[in-house]
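Chains as they are written, first to last, in UniProt numbering: chain Z, 1 to 99; chain A, 1 to 554.
Here you go:
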């Protein structure tokens, strides 16, 4: 199978994630879409690693996973405190600073 | 295809061996600890801070954290000076840690700036005389307990018990260490990891305001979601550049872009594909422009700057801009100089829009912190004009401008923490009316900072703007300089409007009071004034320093 197909899949996943960030209203779902984008990047890294025949891309994929895990720790903590003080995780409710 | 595929497989599959002794050893990477010592010292201090949080009794933590932070940052600065004295800034420039971190002039210069900013920021973080004494305990600008619901029972208990969030000091140090690696990163993986290392602590710091917690948490959520979105875009850009060049090292990608790299069959397939290079480069630059708050990636800036605790805002506004401009310079000057005919027109557009939008929207602002946020956006535009020059003087002028801008910003936000009423900081501009009558010294100091932001001669802002505009004009970007001067004039209007308001309007009867700070905040403000005047009156030494530091290693 042509490895380029994995790149198309990766671009598709990335686009779905980006669209989700832009149109979904729940902070948790927005965050899940960001994670989907990171996973799309991982797929691209591994495919390019296969195409170029070197291991850099596969190693970067591991780093991305670690970074994504750290981001989950910080992100969920922030979203949960936000939810606890407002009883809503909707990003539309975050409008205290609107002009 | 099948023959090469088999050869490719052999890279990551190996034949099972009967005896393990015959497995070839992987050589240990060579790490130059001495050259990386500034970053390692800051990381070490941060880890020590975490240990203090874990084991020291609550009463001893504040003093311990403050001591560890100040000593760690001072030691890191000493290590940087020693490296520069050893000639690593010139001549002996070097890429350490197996090609991951550059030790060269711009890196050392920016790291030194970041460490000094962090030192001043530590002082403003540690300020405990501004808020009224709560239940017999002196408190700082940070929440009693970050996890407690604002106004809830748990929070009241924490306030009565005199809790303070001393975790802010290790968080600051982790952010500083990430920021020190960011402009020195010499491959795209290090760039991405250091971006996250400095961003994650900042997201947390934004949520920890003692007053107006809801706004602070909102700022944090916005910053986090948009920051994570932008770093995902940056990462996809890195993936595409890796796909184009087959390597993530800056020098390696630059060779492929220039066409001087040795062609492998796989490379021959991808280098013909300019879409990978153009889209990848654009996405990486987008991620960095988000961090420097350039229009159209600036939407988060006013909200985050307004909602975050003011000492954190000052630190972010100064240090993030320094780190991100360093990384942007290195990316454009080391990785993509071969594509400058492609990226320069785009950056022209971004710089013009950033300067104009930042200056015009600032005119309509009614909140001091939002005003300074839009001013920082406009300054990002001025800095971009220096980046566009693509010349040695472009690099050194941006380095100089960053120093001039960052200390003034720190001082400006430190002044904002002092003007208070019953609800905490009085940030609405109408409350600042007549401040010059009530407390002339503070108003005069703030006026000096505003004049420097506006770029009035004899202030640091003027020297910085003159340097970047001169570099841009020499680089052929004269129209850009004209736009820059016009938007400076627009910006000067609203800075001077604030000064007029402070000195020539009657104070309100219910106006704010000016808190008497401890020597910590006074030092931050005094340093801001000193840098403003020294860089404004006698900038030559620092211009020379930035000029000597302006050569990247490749």
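Positions of the beta carbon are idealized from the N, C-alpha and C atoms, including for glycine. The structure displayed is predicted, hence computed values, not measured ones.
Residues of the stretch 289–322 of chain A with a C-beta less than 7 angstroms from any C-beta of chain Z: 303, 306, 307, listed in chain order. Taking a beta-carbon distance threshold of 8 angstroms, residue 142/A does not count as an interface residue toward chain Z. With respect to chain A, the C-beta atom of residue 24/Z has no partner C-beta closer than 8 angstroms. The bridge partners DSSP lists for residue 82/Z come to none. Closer than 8 angstroms to the CB of residue 218/A there is at least one CB belonging to chain Z. About 5 angstroms separates the beta carbons of residue 249/A and residue 99/A, which is inside the 8 angstroms limit, making them a contact pair.
A residue is called buried once 16 or more other Cβ atoms fall within 10 Å of its Cβ, and residue 33/A, having fewer, is exposed. Residue ranges of uninterrupted alpha helix (DSSP H) with 4 or more members, entirely inside the stretch 17–98 of chain A and ordered along the chain, are 37–55, 58–85.
When C-beta distances to chain A are compared with 8 angstroms, the residues of the stretch 80–93 of chain Z below that value are 81, 82, 84, 85, 86, 91, in chain order.
Contact of residue 248/A with chain Z is assigned, a C-beta pair being separated by under 8 angstroms. Interface criterion met: the Cβ of residue 48/Z is under 8 angstroms from a Cβ in chain A. Between the stretch 380–389 of chain A and the stretch 476–484 of chain A there are three or more C-beta pairs closer than 8 angstroms, enough to call the two in contact.
Around residue 239/A, the beta-carbon contacts reaching into chain Z at under 7 angstroms are 41, 44, 45, 48. When 430/A, 315/A, 488/A, 397/A are compared, the shortest CA-CA separation from residue 123/A is found for 315/A. If one requires a minimum length of 4 residues, the alpha helix (DSSP H) runs lying completely within the stretch 178–260 of chain A are 188–206, 213–245, 250–258, in chain order. In terms of Cβ geometry, residue 411/A and residue 284/A do not form a close pair [threshold 8 angstroms]. The C-alpha of residue 138/A lies about 25 angstroms from the C-alpha of residue 203/A. Here residue 461/A has 404, 405, 408, 451, 452, 453, 454, 455, 532, 536 as same chain residues with Cβ atoms under 8 angstroms from its own Cβ, once five neighbours each way along the sequence are excluded. In terms of beta-carbon proximity, residue 64/Z lines the interface with chain A, with at least one pair separated by less than 8 angstroms. By the Cβ neighbour-count rule, residue 153/A is exposed, with fewer than 16 other Cβ atoms within 10 Å of its own.
Excluding residues up to 5 positions away in sequence, 77, 80 lie with their Cβ nearer than 7 angstroms to the Cβ of residue 112/A in the same chain.
Counting along the chain, residue 420/A sits inside the beta strand (DSSP E) bounded by residues 419–421. Excluding five sequence positions before and after residue 439/A, the CB atoms of its chain that fall closer than 8 angstroms to its own CB belong to 514, given in chain order. Here residue 13/A carries a coil assignment [DSSP, helix/strand/coil]. Residue 286/A does not reach chain Z, its nearest Cβ partner there being about 12 angstroms away, counting only Cβ pairs nearer than 8 angstroms.
In terms of Cβ geometry, residue 17/Z and residue 37/Z form a close pair [threshold 8 angstroms]. For the options 506/A, 313/A, 186/A, 329/A, the alpha carbon positioned closest to that of residue 372/A is the one of 313/A.
Counting only runs that start and end inside the stretch 373–457 of chain A, the beta strand (DSSP E) elements of at least 3 residues fall at 419–421. Runs of the alpha helix (DSSP H) lying entirely within the stretch 39–97 of chain Z and spanning at least 4 residues, in chain order: 56–86. Considering only 197/A, 255/A, 336/A, the residue with the shortest C-alpha distance to residue 227/A is 197/A.
As computed with DSSP, residue 303/A is found in no beta bridge at all. Inter-residue distance for residue 323/A and residue 179/A is about 5 angstroms (C-alpha atoms, whole angstroms). Scanning its chain for C-beta atoms nearer than 6 angstroms, with the 5 sequence neighbours on each side dropped, one finds around residue 446/A the residues 415, in chain order. In the DSSP assignment, residue 102/A falls within the beta strand (DSSP E) that extends over 101–103. For residue 347/A, the enclosing alpha helix (DSSP H) stretches over residues 340–363. Nearest to residue 395/A by alpha-carbon distance, out of 458/A, 464/A, 434/A, 444/A, is 464/A.
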